[in-house]
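See the structure below:
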């Protein structure tokens, strides 16, 4: 597969602390943010095939990537989203195309290639050497592009964590702990490069935490996540969901069994899925909010049902029964990438309107 990643490096100057503080001061109660990804424009999905069949040039590709990212960022601004992401349109399919930048792996052909999309059709790899990303994942360049598009705004960078990178791997003859040490170092290198570029708010996505890979326990898995951001002095969030490949979950969808692991995470904020599960386990936010800020998923991104602002507001008020308003942000259950753009935009508008209604009532 031809990677759909950026084709040139971008210079990136850090924010000043004064700029960051100004953005924080202007952030309202119950800030609205996306988890990370945004829905791709239809023309961009069609353009990806042209990239794969070699019918477009590098300048064409860069222009399309720039235009698609600009749409994702400006639609967030237009909707009234408080904390912006770049929409991850330069790195489609979540973690999978990032593997094009990783050495030491050999692709395994899926055993099933026809029928409904599923996790068994996603890329899998055998470890055949040392795992490294010599040129990084391109997330730093994505962040630089976001800063240029949205100066003086509060920005978040989301990227897959070490468990999620390990999920599609078979270690072969290699020791699993050695493999994970290399993955942690690889992801940590990108986080530290983001910090150097001025990223003040980094989120690791860990849909693999509910079902850790390679036989790791939940406690061991949480420790691996902690190792990635040790020493990072910005805001560090961890997104825990139950999978969203083509709108399908991956693991048993309950937070109760994960409480010890989540409580042991050394992060500032947990970003958690609730709407798709009819707000189940929301009462667990009480003990979690004693240690963490919470970003609660109150938009169901796995469902074509369009929530009203009133329904969103009801979900937010339910969260506020357990979380102080000053520690609560609101978001979708996962990124918007599995939805068509028209529906993602409408859901984002409902999220903003619901948060505004609750904010005005406080």
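Numbering (the working numbering), first residue to last: 178 to 539.
Where is the CB? At the ideal position from N, CA and C, for every residue including glycine.
For residue 465, the secondary structure class from DSSP, reduced to helix, strand or coil, is helix. In this structure, DSSP gives residue 415 an extended state, which the three-state scheme calls strand. For residue 224, same chain residues with a beta-carbon under 6 Å away, outside a window of 5 residues either side, are 241 in chain order.
The alpha helix (DSSP H) runs of length 4 or more contained entirely in the stretch 311-397 are, from start to end of the chain, 316-326, 339-343 and 353-373. If you compare the alpha carbons of 345, 414, 423 and 209 with that of residue 293, the shortest gap goes to 423.
The Cβ neighbour count for residue 254, taken over all protein chains shown within 10 Å, is under 16; the residue is labelled exposed. For the stretch 217-256, the continuous alpha helix (DSSP H) assignments of 4+ residues that do not extend past its boundaries occur at 219-229 and 235-256, in sequence order. Note on residue 539: under 16 other CB atoms within 10 angstroms of its CB, so exposed under the neighbour-count rule. Under the DSSP assignment, residue 538 falls in the alpha helix (DSSP H) whose first and last residues are 518-538. Residue 430: not part of any beta strand (DSSP E); DSSP gives it neither H nor E. Looking at the backbone, the Cα of residue 394 and that of residue 357 are separated by about 14 Å. Just measuring C-alpha positions, the residue of 518, 432, 377 and 520 sitting nearest residue 317 is 377. Nearest in C-alpha terms to residue 330, of all of 291, 275 and 263, is 263. Cβ neighbours of residue 426 within its own chain (closer than 7 Å, five residues either side excluded): 419 and 420. Counting along the chain, no beta strand (DSSP E) covers residue 500, and no H or E run does either. Counting C-beta pairs with one atom in each stretch, the stretch 468-478 and the stretch 504-511 have three or more that are closer than 8 Å, which means they touch. Per the C-alpha coordinates, the member of 261, 278, 297 and 291 positioned closest to residue 285 is 297. By the neighbour-count criterion, in which 16 or more other beta carbons inside 10 Å mark a residue as buried, residue 481 falls on the exposed side. Residue 213 is positioned such that its CB atom lies closer than 7 Å to that of residue 265. The Cβ neighbour count for residue 433, taken over all protein chains shown within 10 Å, is under 16; the residue is labelled exposed. Going by C-alpha positions, residue 251 is about 16 Å away from residue 221. When rounded, the separation of the alpha-carbon atoms in residue 528 and residue 384 is 22 Å.
With distances taken between CA atoms, residue 280 lies nearest to 346 out of 346, 399 and 210.
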